[in-house]
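Enquirer: After the structure tokens below, expect a handful of questions from me.
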Amino acid sequence: ERTDMYIIKNGLIIDPQSGFNQVSDMLIDQGKIKQISKEIDIKGIPIIDASNKIVAPGLVDIHVHFREPGQTHKENIHTGALSAAAGGFTTVLMMANTNPTISSPEIVKQVKESAAKEAIKIETVATITKSLNGKDLVNFEELLEAGAAGFSDDGIPLTDTKVLQEAMNLARKHDVVLSLHEEDPSLNGVLGINEHIAQKIYHVCGASGLAEYSMIARDAMIAYQTQAKVHIQHLSSSESVEVVDFAQKLGANLTAEVTPQHFSKTEDLLLTKGANAKLNPPLRLEKDRQALIDGLKSGVISIIASDHAPHHIMEKAADNISQAPSGMTGLETSLALGITYLVSTKELSMIDFLAKMTCNPAQLYGFDAGYLREGGPADIVIFDQAEERIIKAEFASKSSNSPFIGDKLKGVVHYTICNGEIVYQKDSHAATLV
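In my numbering, the protein residues as written are 49 to 482.
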């Protein structure tokens, strides 16, 4: 009996890259997809019954924080990988704001060695500037050679335009992606809390839309001039979508992502969920949420990414919300939020939604992921789109800082498969084939 060979039967196979969207069987052999056809029957090999479920490419998240090295009380690469697998993700890209930051070939190699031990595929960016100092550019060539997949100072906006232009010129030269966190510090008050609710409820100056969209406008124009591949992270305001749209039409090589939290909820979530709903950039108003959804529909925003940002429960429990760190653990609710707030509401078709979580992010970085075809990697998620669950504070992640705990969401992952191996199975700690 072959154990490295099995059939996924009767699932609705959706491959956004090719447009394939029909009930079929899939034969997995030695980590690859051997065959996709209406009916596959081979005696004596195991079967995964995917009846009434969707079989899609393993999800790809190009914006996660796994906190290793240096902040492993929040998360580490191992718990991050478990969290990703539980969420249906088989490829993720880690951000570089660790301690020390991922600014040297040694640290790139160190985190890649740690990542290589995991059951899913984990890539990392390196910082754009040394130790995120915003002034001194890292050695792009050296870091790419060490295995960095791209560059980002995520968490710290690049205020120096000259440094940014030089970074974009280097990115253009090496044909790599620069991912940018856009919030102009000099136009912002307390981070993580939208200006509107900050004033009304907390009586402080909050994070302004202007800080975001003015910086995007500046950087989009430099991107246009340099023709570098530039990716704008976690859009949150309606004007930001307009600016990105404008720059794309002008001919800038610009892409953008949105997080599930930003298309699902508004600043009001702070009133019920407190610091767990404190995010950079912040949740904003209903008009912003709607604009982000419109951006996904039009294709201006081509990628959904979680910005998975685990924090320790005591850190989030700071006496004053202004003191608490921003961010939420997001990998395990990402798919369900999309199904609940985009697909069930008929804003996006399932295939269009999945494109933004599979082939689009994979394509941006050139990852061999995000598609299902014969001969391709057996990186697969099998999920039930109609099944509901109440989100509990029991995550595979080390942290449970989610404002969605207690919510009923649609969409439950049943299997996550990476390189043909079952890396997550619902209701089971030991992955077994039927």
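All residues carry an ideal CB built from backbone N, CA and C; glycine is no exception.
1. Three Cβ pairs or more, each shorter than 8 angstroms: is that satisfied between the region 238-254 and the region 298-308?
2. Beta-carbon separation of S227 and P358 under 8 angstroms?
3. Since I believe R332 is in contact with G257 (beta carbons under 8 angstroms), could you give me their beta-carbon distance rounded to a whole number of angstroms?
4. Roughly how many whole angstroms lie between the Cα atoms of V278 and V211?
5. Ordered along the chain, which non-local residues of its own chain (more than five positions away) have a Cβ less than 8 angstroms from that of G67?
6. Using CA atoms only, rank isn't needed, just tell me which of K474, D293 and I81 is closest to C466.
7. Within its chain, find whatever has a CB closer than 7 angstroms to the CB of M216; leave out the 5 residues flanking it on each side and keep chain order.
8. Tell me where the alpha helix (DSSP H) around T274 begins and ends.
9. Drop a sphere of 10 angstroms on the beta-carbon of L107, count the other beta-carbons inside from all chains shown, and report buried for 16 or more, exposed for fewer.
10. Kindly confirm or deny that the region 165-173 and the region 143-150 touch, where touching means at least three C-beta pairs closer than 8 angstroms.
11. Could you tell me the alpha carbon to alpha carbon distance between L60 and I102, rounded to whole angstroms?
12. Return the first residue and the last residue of the beta strand (DSSP E) that L420 is part of.
13. Are the CB atoms of G459 and I438 nearer to each other than 8 angstroms?
14. In angstroms, rounded to a whole number, what distance separates the CA positions of A104 and T464?
15. Measuring alpha carbon to alpha carbon, tell me which residue in T320, A196, I204 and V238 is nearest A219.
16. Going by DSSP in three states, L107 sits in which element: helix, strand or coil?
17. Which residue's Cα is closest to the Cα of I76: Q70, N69, Q65 and D89?
18. Considering E469, what are the terminal residues of the beta strand (DSSP E) in which it resides?
19. How long is the line joining the alpha carbons of V140 and D109, rounded to whole angstroms?
20. Please tell me whether A259 and N242 are closer than 8 angstroms, where the distance is taken between their beta carbons.
21. Using CA atoms only, rank isn't needed, just tell me which of P330, G322 and K165 is closest to D367.
22. Please look up how many angstroms separate the CB atoms of K178 and D208, rounded, as I've assumed it's under 8 angstroms.
23. If you draw a straight line from the C-alpha of R115 to the C-alpha of K404, how long is it?
24. Considering only residues of the same chain and omitting the five flanking positions on each side of K160, which have a CB-CB separation below 6 angstroms?
25. From which residue to which residue does the beta strand (DSSP E) around G59 run?
26. Identify whether K82 lies in helix, strand or coil by the three-state DSSP scheme.
27. Kindly indicate the opening and closing residues of the alpha helix (DSSP H) around M398.
28. In angstroms with no decimal places, state the Cα-to-Cα distance between Y472 and A134.
29. Go to E363, then tell me how far its alpha helix (DSSP H) extends in each direction, as first and last residue.
30. Per DSSP, R437 forms a beta bridge with which residues?
31. At which residue ranges does the region 151-213 contain complete alpha helix (DSSP H) runs of 4 or more residues, listed in the order of the chain?
Expert: According to the data block:
1. no
2. Taking the sequence shown and counting its residues from 1, the one referred to as residue 227 is at position 179. Taking the sequence shown and counting its residues from 1, the one referred to as residue 358 is at position 310. Not closer than 8 angstroms, so no.
3. As a first step, residue 257 must be located in the sequence shown, where it is residue number 209. As a first step, residue 332 must be located in the sequence shown, where it is residue number 284. About 7 angstroms separates the two Cβ atoms, so the contact holds.
4. Here residue 278 corresponds to residue number 230 of the sequence shown, with the count starting at 1. Here residue 211 corresponds to residue number 163 of the sequence shown, with the count starting at 1. Cα to Cα, the separation comes out at about 15 angstroms.
5. The residue you call residue 67 lines up with position 19 of the sequence shown. Excluding residues within five positions, the ones whose Cβ falls inside 8 angstroms are I399.
6. For the purposes of this step, residue 466 is taken as residue 418 along the sequence shown, with counting starting at 1. Nearest of K474, D293 and I81 to C466, Cα basis: I81.
7. As a first step, residue 216 must be located in the sequence shown, where it is residue number 168. Here the set comprises L226, I270, A271, T274, A276 and V278.
8. As a working note, residue 274 is residue 226 in the sequence shown. G257 to T274 is the extent of the alpha helix (DSSP H) around T274.
9. Looking up residue 107 in the sequence shown gives position 59. Flag for L107 reads buried.
10. yes
11. In the sequence shown, the residue the question calls residue 60 occupies position 12. In the sequence shown, the residue the question calls residue 102 occupies position 54. About 5 angstroms.
12. Walking along the sequence shown from the start, residue 420 turns up at place 372. First-last for L420: undefined, no H or E at that position.
13. By 1-based counting over the sequence shown, the position of residue 459 is 411. By 1-based counting over the sequence shown, the position of residue 438 is 390. Their beta carbons are not under 8 angstroms apart, which means G459 does not touch I438 by this criterion.
14. Residue 104 sits at position 56 when you count from the first residue of the sequence shown. Residue 464 sits at position 416 when you count from the first residue of the sequence shown. Cα to Cα, the separation comes out at about 10 angstroms.
15. As a first step, residue 219 must be located in the sequence shown, where it is residue number 171. Among T320, A196, I204 and V238, the Cα nearest to that of A219 belongs to A196.
16. By one-based count along the sequence shown, residue 107 stands at place 59. Strand.
17. Counted from its first residue, the sequence shown places residue 76 at position 28. Of Q70, N69, Q65 and D89, the residue nearest in Cα terms is D89.
18. As a working note, residue 469 is residue 421 in the sequence shown. Element bounds for E469: E469 to Q473.
19. Position 92 of the sequence shown, counting from 1, holds the residue named residue 140. Position 61 of the sequence shown, counting from 1, holds the residue named residue 109. Cα to Cα, the separation comes out at about 5 angstroms.
20. To locate residue 259, count along the sequence shown from 1; it is residue 211. To locate residue 242, count along the sequence shown from 1; it is residue 194. Cβ distance not < 8 angstroms, so A259 and N242 don't count as in contact.
21. Translated into positions along the sequence shown, residue 367 becomes position 319. For D367, the nearest C-alpha among the options comes from G322.
22. The residue you call residue 178 lines up with position 130 of the sequence shown. The residue you call residue 208 lines up with position 160 of the sequence shown. With 8 angstroms as the limit, K178 and D208 do not qualify as a contact, their Cβ atoms being about 13 angstroms apart.
23. Working through the sequence shown from its first residue, we reach residue 115 at position 67. Working through the sequence shown from its first residue, we reach residue 404 at position 356. Cα to Cα, R115 sits roughly 25 angstroms from K404.
24. Taking the sequence shown and counting its residues from 1, the one referred to as residue 160 is at position 112. Cβ neighbours of K160 beyond the five flanking positions: G195.
25. Translated into positions along the sequence shown, residue 59 becomes position 11. First-last of the beta strand (DSSP E) with G59: M53 to D63.
26. Here residue 82 refers to the residue found at position 34 when the sequence shown is read from its first residue. Residue state, collapsed to three classes: strand.
27. For this step, residue 398 is matched to residue 350 along the sequence shown. Counting along the chain, the alpha helix (DSSP H) containing M398 begins and ends at M398 to A403.
28. Taking the sequence shown and counting its residues from 1, one reaches residue 472 at position 424. Taking the sequence shown and counting its residues from 1, one reaches residue 134 at position 86. One C-alpha to the other measures close to 6 angstroms.
29. Here the question's residue 363 lines up with position 315 in the sequence shown. That run of the alpha helix (DSSP H) goes I361 to K364.
30. Reading the sequence shown from its first residue, position 389 is the one you call residue 437. Bridge partners of R437: L457.
31. 153-164 and 188-194
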